[in-house]
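Asks: One point on numbering: in my numbering, the residue at position 297 of the sequence shown is 297, and numbering is uninterrupted.
Just so you know, even glycine gets a beta-carbon here, dropped at the ideal spot from N, CA and C.
These numbers were taken from a predicted model, which means no experiment stands behind them.
Take this structure, written in structure tokens, and hold onto it; I'll ask about it next.
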Amino acid sequence: MKRNTRPEGHPLRPGGAAAHTAFAVTGIPGGTDEVEAALLRSRLIAAVDAFGGHHGPEPLTVTITNRPADRPPAKAEADGPSVAERAEHFTAAAPLYTFDRLVLPDRTMKQLLRAIHIVERRRTLFEEWGLRTIQPHPSSAVNLEGPPGTGKTMAAHAIADRLGRPLIAARASQLESKYHGEGPKNLDALFHAAATQGAVLFLDEADGLMSARFETTSHGSEHAVNAMRSELLTALDRFEGLAVFATNLVSSYDTAFDSRVRHVRFPVPDEAARAEIWRRHLPETLPLAGDVSPRALAGVDDVTGRDIRRAVIDAAAEALLTGRNRVGQADLLAAVERVKASRPQRPAPVQPPS
Ligand SMILES: Nc1ncnc2c1ncn2[C@@H]1O[C@H](COP(=O)(O)OP(=O)(O)OP(=O)(O)O)[C@@H](O)[C@H]1O
Ligand SMILES: [Mg+2]
């Protein structure tokens with residue numbers, strides 16, 4: 001403990017009493033996760049407060065910091081970059097895909113468009129038409145939920161394109177790792193960037209943030225995850241634009257997200273959808289042999305849109321490599337089988353112990 005009268009101290013008992021005791025605890029190691037540090041600080045302050053309560057009327061000021069007591073804090077060190085500075089890391093870009101490239105079952109497409117419509121028109125619905133009286137937390141995000149390669153990223157771009165807006169894309173994991181332990185501030189900055197640039201906000205890998213259970217072990221503590229989750233709720237309530245989330249895991253979502261996020265499930269394509277996806281992945285300029293049949297190619301099952309894209313590119317490259325100037329049905333069939341065989345094995349879902 002050390003005497004310290006710097007004004008940044010946390011005044012537990014401000015007042016003009018004659019004897020004013022103040023001390024600093026330099027016990028939080030540098031590099032500690034910010035959320036952890038805040039927790040430590042509040043526990044220490046509460047402990048000292050309780051202690052002070054038993055020791056007469058003398059006022060007490062406590063400063064808990066990881067800086068040496070005599071060095072004045074540099075502003076950037078104390079607060080880190082501002083929200084506006086962090087927001088500069090997120091730049092909006094023109095969307096890459098349009099809806100006419102996306103193949104989804106009619107039901108899913110309607111669900112998607114309805115969800116976007118509700119989020120887009122929420123000011124009319126919830127403010128002007130007063131629906132906030134029955135739902136205080138209107139939807140401000142759409143969650144695209146489905147296995148890898150089923151068109152979620154593509155749909156996020158298509159949504160931005162349909163709305164005539166740019167897109168800001170980020171991954172939840174990137175928010176955490178960019179500045180260690182500063183996830184909530186980065187999340188805030190992401191929403192700030194989308195609001196100021198009038199962009200659709202696309203947040204990939206959003207499951208960890210919305211999940212009811214504590215699942216993250218790689219990026220800090222349970223406390224840090226909870227801090228991100230509450231920041232996300234606050235940001236969603238403030239955000240006037242459209243947020244699109246994408247998730248692979250269908251986990252149990254925290255009920256706080258029930259009203260704020262509308263879920264749209266992206267299925268693995270069935271045979272009819274596969275035929276259509278094959279068709280849309282064979283550009284007119286691609287020299288095809290006469291035997292190529294999207295309908296027959298769709299007979300190969302357990303294939304996603306991403307697999308089909310990869311197969312078309314592989315087949316075309318193979319045809320070139322072997323000195324042929326046309327891509328035939330056999331090339332495409334061989335390529336899609338290669339893609340299926342080389343696909344990383346998805347781990348089986350872990351069963352909870354019974
Ligand atoms: N439903 C679809 N309709 C048309 N093309 C599709 C569809 N799904 C996937 N594709 C093709 O596969 C590519 C990759 O899909 P995308 O990146 O959108 O998948 P994703 O669902 O976001 O996957 P991940 O969960 O791994 O991020 C698309 O750019 C497109 O070429
Ligand atoms: Mg994606």
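(1) Grab me the residues of V370's own chain with a C-beta within less than 6 Å of its C-beta, minus the 5 sequence neighbours each way, in chain order.
(2) Give me the Cα-Cα distance between E182 and E176, rounded to the nearest whole angstrom.
(3) Can you give the Cα-Cα distance for A289 and T304, rounded to whole angstroms?
(4) Alpha helix (DSSP H) containing H192: first to last residue?
(5) Starting from the C-beta of V327, find all residues in its chain whose C-beta is less than 6 Å away, skip the five residues before and the five after it, and write them out in chain order.
(6) Can you tell me whether DSSP reads A298 as helix, strand or coil?
(7) Can you tell me the Cα-Cα spacing of F257 and Q329, whole angstroms?
(8) Under the rule that 16 or more other beta-carbon atoms within 10 Å means buried, what is H117, buried or exposed?
(9) Taking 7 Å as the cut-off, is the CB of T153 close to at least one heavy atom of ligand 2?
(10) Among residues of its own chain, excluding the 5 on either side of L102, which ones have a beta-carbon nearer than 7 Å to its beta-carbon?
(11) In whole angstroms, what separates the C-alpha of V268 from that of G146?
(12) Would you kindly report the start and end of the unbroken alpha helix (DSSP H) that includes I159?
(13) Starting from E145, follow the beta strand (DSSP E) in both directions and report where the run begins and ends.
(14) Give the straight-line distance between the Cα atoms of S259 and S173, rounded to the nearest whole angstrom.
(15) From the beta carbon of A275, is the nearest beta carbon of chain C less than 8 Å away?
(16) Could you give the distance in angstroms between the alpha-carbon of S211 and the alpha-carbon of F191?
(17) Using the Cα positions of V336 and A311, report the straight-line distance between them to the nearest angstrom.
(18) Would you mind sorting N186 into buried or exposed? The rule is 16 or more other CB atoms within 10 Å of its CB.
(19) Does at least one heavy atom of ligand 2 sit under 7 Å from the Cβ of A206?
(20) To which residues of the same chain is A94 closer than 8 Å at the C-beta, ignoring the five residues directly before and after it?
(21) So, does the region 265-285 touch the region 197-211, judging by three or more C-beta pairs under 8 Å?
(22) From the DSSP output, in three-state form, read off T108 for me.
(23) State buried or exposed for R71, treating a residue as buried only when at least 16 other CB atoms are found within 10 Å of its CB.
(24) What does the alpha-carbon distance come out to for the pair P344 and P148?
(25) Between A189 and A87, how many whole angstroms is the CB-CB distance? I'm expecting something under 8 Å.
(26) Can you give me the C-alpha to C-alpha distance between L96 and D161, rounded to a whole angstrom?
(27) Given the structure, does L102 come close to ligand 1, in the sense that its CB is under 7 Å from one of the ligand's heavy atoms?
(28) On the DSSP bridge assignment, give the partners of T124 in chain order.
(29) Can you grab the Cα-Cα spacing for the pair A377 / T108, in whole Å?
Replies: So, from the data block:
(1) The structure shown does not extend to residue 370, since the chain is modelled only from 1 to 354, so the question has no answer here.
(2) Straight-line measurement puts the Cα of E176 at about 6 Å from the Cα of E182.
(3) Taking the CA atoms as reference points, A289 sits about 24 Å from T304.
(4) According to the DSSP assignment, H192 belongs to the alpha helix (DSSP H) that extends over G183 to Q197.
(5) Its chain contains L288, A315, A316 and A319 as the residues whose beta carbon lies nearer than 6 Å to that of V327, once the 5 sequence neighbours on both sides are disregarded; these appear in chain order.
(6) Looking at A298 - three-state DSSP - the assignment turns out to be coil, as it is neither helix nor strand.
(7) If I take the Cα positions, the gap works out to 47 Å.
(8) When all chains shown are included, H117 counts as exposed.
(9) At least one heavy atom of ligand 2 is nearer than 7 Å to the Cβ of T153, so yes.
(10) For L102, the CB contacts under 7 Å within the same chain, skipping 5 residues up- and downstream, are G151, M154, A155 and A158 in chain order.
(11) The C-alpha of G146 is placed about 8 Å away from the C-alpha of V268.
(12) Residue range K152 to L163 is occupied by the alpha helix (DSSP H) that includes I159.
(13) From DSSP, the beta strand (DSSP E) with E145 extends over A141 to E145.
(14) Going by C-alpha positions, S259 is about 24 Å away from S173.
(15) No chain C appears in the structure shown, which is made up of a single protein chain.
(16) In a straight line, the C-alpha of S211 is about 20 Å away from that of F191.
(17) Taking the straight line joining both Cα atoms gives about 5 Å.
(18) Flag for N186 reads buried.
(19) With a cut-off of 7 Å, the C-beta of A206 is classified as distant from ligand 2, since no heavy atom of the ligand falls inside that distance.
(20) Closer than 8 Å at the Cβ level, and outside the excluded window around A94, lie P166 and L167.
(21) Counting Cβ pairs under 8 Å, fewer than three are found: no touch.
(22) Residue state for T108 is assigned as helix, using DSSP reduced to three classes.
(23) For R71, the predicted model reports a pLDDT of 45, less than 50, meaning its position is unreliable and no value from the coordinates is stated.
(24) Spanning the two alpha carbons is a distance of roughly 11 Å.
(25) A189 to A87, Cβ: 4 Å. Contact.
(26) Cα to Cα, the separation comes out at about 8 Å.
(27) Within the cutoff, so yes.
(28) In DSSP, T124 forms no bridge with anything.
(29) With the chain covering 1 to 354 only, the question about residue 377 has no answer from this structure.
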